[in-house]
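Participant:
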Amino acid sequence: MNLELINALKDIEKEKGISSDVLLGAIEHALHTAYKKNFGSAQNSRIEIDKETGEIRVYSRKTVVANVSDSNTEISLEEAVKVEPEAKEGEVIEIEVTPRDFGRIAAQAAKQVVVQQIREAERGLIYEEFSSREGDIVTGTVRRQEAKNVFIDLGRAEAVLVPSEQIPTEKYNRGDRIKAYITEVKKTTKGPQILVSRTHPGLLKRLFELEVPEIFEGIVEIKAVAREPGMRSKIAVHSRDENVDSIGSCVGPKGMRVQAVVVELKGEKIDIVKWSSDPKEFIANALSPAKVESVEIDEEEKAARVIVPDHQLSLAIGKEGQNARLAARLTGWKIDIKSTSQAASW
Numbered sequence: 000m001n002l003e004l005i006n007a008l009k010d011i012e013k014e015k016g017i018s019s020d021v022l023l024g025a026i027e028h029a030l031h032t033a034y035k036k037n038f039g040s041a042q043n044s045r046i047e048i049d050k051e052t053g054e055i056r057v058y059s060r061k062t063v064v065a066n067v068s069d070s071n072t073e074i075s076l077e078e079a080v081k082v083e084p085e086a087k088e089g090e091v092i093e094i095e096v097t098p099r100d101f102g103r104i105a106a107q108a109a110k111q112v113v114v115q116q117i118r119e120a121e122r123g124l125i126y127e128e129f130s131s132r133e134g135d136i137v138t139g140t141v142r143r144q145e146a147k148n149v150f151i152d153l154g155r156a157e158a159v160l161v162p163s164e165q166i167p168t169e170k171y172n173r174g175d176r177i178k179a180y181i182t183e184v185k186k187t188t189k190g191p192q193i194l195v196s197r198t199h200p201g202l203l204k205r206l207f208e209l210e211v212p213e214i215f216e217g218i219v220e221i222k223a224v225a226r227e228p229g230m231r232s233k234i235a236v237h238s239r240d241e242n243v244d245s246i247g248s249c250v251g252p253k254g255m256r257v258q259a260v261v262v263e264l265k266g267e268k269i270d271i272v273k274w275s276s277d278p279k280e281f282i283a284n285a286l287s288p289a290k291v292e293s294v295e296i297d298e299e300e301k302a303a304r305v306i307v308p309d310h311q312l313s314l315a316i317g318k319e320g321q322n323a324r325l326a327a328r329l330t331g332w333k334i335d336i337k338s339t340s341q342a343a344s345w
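Numbering that gives the first Met the number 0 applies: residue 0 is where the sequence shown begins, and numbers increase by one.
(1) So the beta strand (DSSP E) glycine 123 belongs to, where does it begin and stop?
(2) Among Ile151, Thr187 and Ile282, which residue has its Cα nearest to the Cα of isoleucine 316?
(3) If I follow the unbroken alpha helix (DSSP H) through asparagine 322, where does it start and stop?
(4) Pick out the complete alpha helix (DSSP H) segments inside the stretch 142 to 220, 4 residues or longer, and give them in chain order.
(5) Touching or not, the stretch 241 to 254 and the stretch 183 to 195, by the rule of three or more beta carbon pairs under 8 Å?
(6) Between which two residues does the alpha helix (DSSP H) carrying alanine 259 extend?
(7) To the nearest angstrom, how far is the alpha carbon of asparagine 66 from that of glutamate 78?
(8) Tell me which same chain residues have a C-beta within less than 7 Å of the C-beta of valine 63, skipping the five on either side of it?
(9) Of the choices Phe129, His31, Glu169 and Gly251, whose alpha-carbon is the least far from that of lysine 147?
(10) In whole angstroms, what separates the C-alpha of isoleucine 55 from that of isoleucine 125?
(11) Let's test the definition: count the other Cβ atoms within 10 Å of the Cβ of proline 228 and tell me whether it reaches 16, buried, or not, exposed.
(12) Exposed or buried, what is lysine 233 when buried is set at 16 or more other beta-carbons lying within 10 Å of its beta-carbon?
(13) What are the partner residues of glycine 139, as DSSP defines its beta bridges?
(14) Helix, strand or coil: how does DSSP classify serine 275 here?
(15) Could you tell me the alpha carbon to alpha carbon distance between isoleucine 218 and glutamate 183, rounded to whole angstroms?
(16) Looking at the strands, I want to know which residues DSSP matches up with arginine 226.
(17) Is serine 196 closer than 8 Å to tyrosine 180 when the C-beta atoms are compared?
(18) What's the gap between the Cα of glutamate 14 and the Cα of aspartate 277?
(19) Is valine 346 near isoleucine 271, with beta carbons less than 8 Å apart?
(20) Report the three-state DSSP secondary structure of alanine 342 (helix, strand or coil).
(21) Valine 57 lies in the alpha helix (DSSP H); which residues open and close that run?
(22) Within 10 angstroms of the Cβ of serine 340, are there 16 or more other Cβ atoms? Answer buried if so, exposed if not.
(23) With a Cβ-Cβ cutoff of 8 Å, do tryptophan 274 and valine 307 count as a contact?
(24) State the start and end residues of the unbroken beta strand (DSSP E) segment that holds alanine 289.
(25) State the DSSP-derived secondary structure class of alanine 302, mapped to helix, strand or coil.
(26) For phenylalanine 215, I'd like the list of residues in its chain whose CB is within less than 7 Å of its CB, leaving aside the five on either flank, ordered along the chain.
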C-alpha cells in the first residue's frame, strides 16, 4: 500500500483540503497504538512513514548495556555495534523492529484514520459554513419527524426544528420544501447541530429581504417586527429615500411581494405599517387598519392612551386583543385603547 497511500493522501489533500502531513501524523499515531496492541509495549517504540515512498518502519529505542536484563528496553554492546558501529554503553540507539505482517495492520489503521479525519474535516467545514450564517435564512426539505422534532435536509447538513420553534398551525410532511431561520449552530460529538426556527421574527424580516429589492439594497428598512406565528404579524418600515414608498415597496405590484411571504408562512396575515420617530404617529400607525383620533403618551411610564371612533374600537383592539397586543410589541409602548364615548368619561 506504500506508494498508493502517499498518492491517496495527496488526492485527499486536493479534494478535501486536509493536509497530507496532518493525515500522516494521525496515521503514525494510530499505527503506534496498533503496534502496542498487537506486539506488546510500545512505550519505547517509534513509527516512521516515509513521505516520498510511503514505506512504514517501526523502531525500538534501547539502552546499550553490558548485561541485558530486559530485552524490551535494553541491548547488549555486542548486538548494538552491529546496528551502530560507534555505539557505547549507556547510549540509547534505535533498532528497526518492523513486524513481518505489519503492512496489513498498517493498511487497516490508515483506512480508519483517513475516514475519521475526512469526517472530522467535513464536520468542521459544515460548522464554519453554517455558524457564519446564524441569523440567516435557509431552504431545505423535510426529511423526517422524531419525538415532535422536524429534521430538515439542507443538502450538506441537517437542521433541527424543535417543537417550540414550529408554527402551531403548520403541519410538516416529508418532502415539503420550507424556509427556516438559523438561530444557533452547536458543536457536538456527532458533528454540528443546526437549530432553526419558523417562529422567530427574524424569519419574517429575511423573507421580506428576499422578496423586496429595496430592503435588500438598504433603501427601505424594517425597523421593527412583531409576530404571533401562524396567525398575524406586523412590520414597521421606513424609507431612506423620500421618493420611495416604503409600504408600497413591501406590498409590491398587485400585492405580489407580501403575498409571496404570506404563502411561505402558510397564510399568516401581515400588516405593513409606516415607522415614525414620533411615538404618537408610530403608535397610531401600528394600530392599523384601525383609524386613530388621538394619542396621548406618558414618556416616564412609556404608556399611551389612544382614542378611536366608537365604530373602530373592536377593530383597534382586534380579535382577543390581538391587534392591540401586536401594536404594543411593535412599538414597545403600553397601549390603552378607548372609544370616543368612553374617553368622555375619563
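In this text, a Cβ means the ideal position worked out from N, Cα and C, and glycines have one as well. Quick caveat: nothing in here was measured; it's all calculated off a predicted structure.
Facilitator: According to the structure shown:
(1) Unbroken run through glycine 123 is the alpha helix (DSSP H), 101 to 130; no beta strand (DSSP E).
(2) Ile282
(3) 321 to 330
(4) 200 to 210 and 212 to 215
(5) no
(6) 255 to 263
(7) 11 Å
(8) Ile74, Leu76, Ala79, Ala86, Lys87, Glu88, Gly89, Glu90 and Ile92
(9) Glu169
(10) 33 Å
(11) buried
(12) buried
(13) Ile177
(14) coil
(15) 29 Å
(16) Ser232
(17) yes
(18) 57 Å
(19) Because the chain spans 0 through 345 in this model, residue 346 falls outside it and cannot be assessed.
(20) helix
(21) Run containing valine 57: none in the alpha helix (DSSP H); it sits in the beta strand (DSSP E), 55 to 64.
(22) exposed
(23) no
(24) Alanine 289 -> no beta strand (DSSP E), and no H or E assigned at all.
(25) strand
(26) Glu208
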